[in-house]
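**Q** The structure that follows is given in the form of structure tokens.
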Amino acid sequence: MTEEFQGANFSYTNFIFAGFPEIFQYRKLLFLPFFLSYILVMVGNSLITMENVTILNFLMFENLGYFRYIYFLLGLILYCTIVLFNIIIILAIFMERALHQPMYLLISCLSINSLYGTAGFFPRLLTDLLLHSHTISRPACHIQTFVIYTYASYEFTILTLMAYDRFIAISKPLQYHSVMTPKVLIVMVALSWIYPMFSIGIGIIVTARLRLCGNDLRKLYCNNWIIAKLSCETATLDNIYGFVVLITTVLIPLSFIMYSYVKILIICQKCSKDLKSKAYHTCLPHLVTFVNYSITIFCEMTFTRFENLHPTVDVILSLEFLIIPPLLNPLVYGINFPDIRRKIHHHLKASKQQTASRKCNNNFKST
């Protein structure tokens with residue numbers, strides 16, 4: 004730990020940024036998205052109209068019988084695995100100063116986003132599987148929608164920043180460190196959080212103002228489109244705004260990512276064999292993550308809107324983007340990036356040695 008974080012002036016803020024001293028000066032900027040998120044949620048709750056429907060029912064949990072306990076166990080194991088894998092990636096990057104580079108910091112942002120998105124889904128899912136009543140208040144439903152939607156949007160914006168980072172690294176290697184400075188990175192990450200937060204938040208507030216004529220949700224989690232379908236009035240404004248948000252938070256980042264990697268492929272054709280191999284090796288994990296997430300989010304946005312879709316198929320398609328990317332991303336980056344893999348192996352080996360040392364000490368004391 005550096006000297007600036009030692010002594011009598013030590014604080015929790017200093018401790019949090021001790022692993023990243025170069026971004027300590029930007030702590031207020033980093034705090035801004037979380038503060039704005041809190042304000043947005045408070046404003047949204049104050050605008051919700053609940054004269055007619057205040058409680059919503061999840062119908063997908065009915066008639067599960069004793070299978071609910073099997074599903075609960077599987078869900079708990081899956082959630083714990085996702086949390087464990089992503090925390091390992093975050094700690095591996097946080098604790099190794101050599102990994103405090105834009106590419107690795109963006110990988111840690113992906114893991115943080117995975118923890119954020121799954122925290123908005125799994126605890127509620129596991130609770131509903133155990134309880135016989137599967138109701139949720141309307142404000143809580145809108146908050147869950149906000150968390151899941153922003154998680155989905157953040158994933159695309161982070162992948163966009165990763166594509167831009169690789170494009171600069173490969174097309175302008177000599178200017179890379181002057182372009183991707185800590186300040187530039189922090190500003191880009193903050194903007195990638197703030198815009199989706201506000202655009203999605205406004206859309207949810209618009210939906211929250213609708214008067215509902217029903218309260219049954221055929222879904223495992225709250226969904227803005229499903230709630231709008233329960234409206235007594237036409238949701239034209241909601242649909243138009245949702246389409247605009249879809250273009251700006253999904254389609255535009257998607258187009259930019261595809262453009263960046265096409266340009267990278269074109270540039271690589273002119274490089275030497277060694278440089279080409281290195282470029283492909285660093286870009287391949289990003290492409291795997293991008294393709295995987297694009298497919299899962301496409302399934303959620305299209306197939307799940309068919310009325311005659313079998314409930315089991317609907318559940319599988321709607322859960323893909325909440326399960327597969329958070330589970331797959333740590334494996335992809337942990338396996339394909341030697342620096343991360345070595346750091347994880349080093350800490351696992353050190354923890355085993357510490358455990359063995361404690362056992363020896365305990366045995367020595369007992370004798």
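Residue numbers (this note's numbering): 4 to 370. Here a beta-carbon is modelled for each residue, glycine too, at the ideal position from N, C-alpha and C. No experiment lies behind these values; they were computed from the predicted model shown.
1. Which runs of the beta strand (DSSP E), 3 residues or longer, sit entirely within the stretch 241-304?
2. Would you list the residues sitting across from L215 in a DSSP beta bridge?
3. Using C-beta distances below 7 Å, list every residue in its chain close to I51, excluding the 5 sequence neighbours before and after it, in chain order.
4. What did DSSP end up calling T57 once you bin it into helix, strand or coil?
5. Need the endpoints of the beta strand (DSSP E) that T138 sits in, please.
6. Nearest to H135 by CA position, among Y157, F64, L162, L87, is which residue?
7. Are there 16 or more other CB atoms within 10 angstroms of the CB of E303, so buried, or fewer, so exposed?
8. What three-state label does DSSP hand L220 in the structure shown?
9. Are there 16 or more other CB atoms within 10 angstroms of the CB of H289, so buried, or fewer, so exposed?
10. Y69 to L330, Cα distance in whole Å?
11. Going straight from the alpha carbon of S275 to that of Y167, what length do you get?
12. Between the alpha carbons of Y244 and G206, how many angstroms are there, rounded?
13. How long is the line joining the alpha carbons of I110 and I91, rounded to whole angstroms?
14. Specify, as a first and last residue, the run of the alpha helix (DSSP H) that G176 falls within.
15. Need the endpoints of the alpha helix (DSSP H) that L76 sits in, please.
16. Below 9 Å between beta carbons: does that hold for V247 and F159?
17. Mark T2 as exposed unless 16 or more other C-beta atoms lie within 10 angstroms of its C-beta, in which case mark it buried.
18. Looking only at C-alpha atoms, which of K186, P199, I139 sits nearest to F149?
19. Would you give the residue range spanned by the alpha helix (DSSP H) that N339 belongs to?
20. My output table needs one value for E158: the three-state DSSP class, helix, strand or coil.
21. Buried or exposed: K1, going by 16 or more other Cβ atoms within 10 Å of its Cβ?
22. In whole angstroms, what is the alpha-carbon distance linking I197 and N227?
23. Pull up the distance between the alpha-carbon of N242 and that of I208, whole angstroms please.
24. Using the Cα positions of D184 and H137, report the straight-line distance between them to the nearest angstrom.
25. Touching or not, the stretch 162-177 and the stretch 270-286, by the rule of three or more beta carbon pairs under 8 Å?
**A** This is what the structure gives:
1. none
2. Here residue 215 corresponds to residue number 212 of the sequence shown, with the count starting at 1. DSSP output for L215 lists S234 as bridge partner(s).
3. Counting from 1 along the sequence shown, the entry for residue 51 is found at position 48. With a pLDDT of 46 at I51, under the threshold of 50, the modelled position of that residue is not reliable, and no figure is offered here.
4. Translated into positions along the sequence shown, residue 57 becomes position 54. Here T57 sits in coil by DSSP.
5. Residue 138 sits at position 135 when you count from the first residue of the sequence shown. Where T138 is concerned, the enclosing beta strand (DSSP E) stretches over 138-140.
6. Within the sequence shown, the letter at position 132 stands for residue 135. With distances taken between Cα atoms, H135 lies closest to F64.
7. What you label residue 303 is simply residue 300 of the sequence shown in a count that begins at 1. Under this definition E303 is a buried residue.
8. The sequence position of residue 220 within the sequence shown is 217, counting from 1. Reduced to three states, the DSSP call for L220 is strand.
9. Position 286 of the sequence shown, counting from 1, holds the residue named residue 289. So H289 counts as buried.
10. The residue labelled residue 69 in the question sits at position 66 within the sequence shown. The residue labelled residue 330 in the question sits at position 327 within the sequence shown. Spanning the two alpha carbons is a distance of roughly 27 Å.
11. Taking the sequence shown and counting its residues from 1, the one referred to as residue 275 is at position 272. Taking the sequence shown and counting its residues from 1, the one referred to as residue 167 is at position 164. In a straight line, the C-alpha of S275 is about 22 Å away from that of Y167.
12. On the sequence shown, residue 244 is found 241 positions in, with the first residue counted as 1. On the sequence shown, residue 206 is found 203 positions in, with the first residue counted as 1. Our two residues, Y244 and G206, have alpha carbons roughly 7 Å apart in a direct line.
13. For the purposes of this step, residue 110 is taken as residue 107 along the sequence shown, with counting starting at 1. For the purposes of this step, residue 91 is taken as residue 88 along the sequence shown, with counting starting at 1. Looking at the two C-alpha atoms, the distance is approximately 12 Å.
14. Mapped onto the sequence shown, residue 176 falls at position 173. Note on residue identity: the sequence assigns Pro, not Gly, to residue 176. Careful: P176 lies outside any alpha helix (DSSP H) and carries neither H nor E.
15. One-based indexing of the sequence shown puts residue 76 at position 73. Element bounds for L76: 70-98.
16. As a first step, residue 247 must be located in the sequence shown, where it is residue number 244. As a first step, residue 159 must be located in the sequence shown, where it is residue number 156. No.
17. What the structure shows of the chain is the stretch from 4 to 370, and residue 2 is not part of that stretch, so it cannot be assessed.
18. Counting from one through the sequence shown, the residue named residue 149 turns up at place 146. F149 has its Cα closest to that of P199, out of K186, P199, I139.
19. The count along the sequence shown starts at 1 and reaches residue 339 at position 336. Unbroken alpha helix (DSSP H) run through N339: 314-339.
20. Along the sequence shown, read from residue 1 onward, the residue named residue 158 stands at position 155. Here E158 carries a helix assignment [DSSP, helix/strand/coil].
21. Residue 1 cannot be examined here, being either before or after the span of the chain that is shown, 4 to 370.
22. Looking up residue 197 in the sequence shown gives position 194. Looking up residue 227 in the sequence shown gives position 224. C-alpha separation (whole angstroms): 20 Å.
23. Residue 242 sits at position 239 when you count from the first residue of the sequence shown. Residue 208 sits at position 205 when you count from the first residue of the sequence shown. Looking at the two C-alpha atoms, the distance is approximately 13 Å.
24. For the purposes of this step, residue 184 is taken as the residue at position 181 of the sequence shown. For the purposes of this step, residue 137 is taken as the residue at position 134 of the sequence shown. The question names Asp, but residue 184 in the sequence shown is Thr. Each residue's alpha carbon lies about 48 Å from the other.
25. yes
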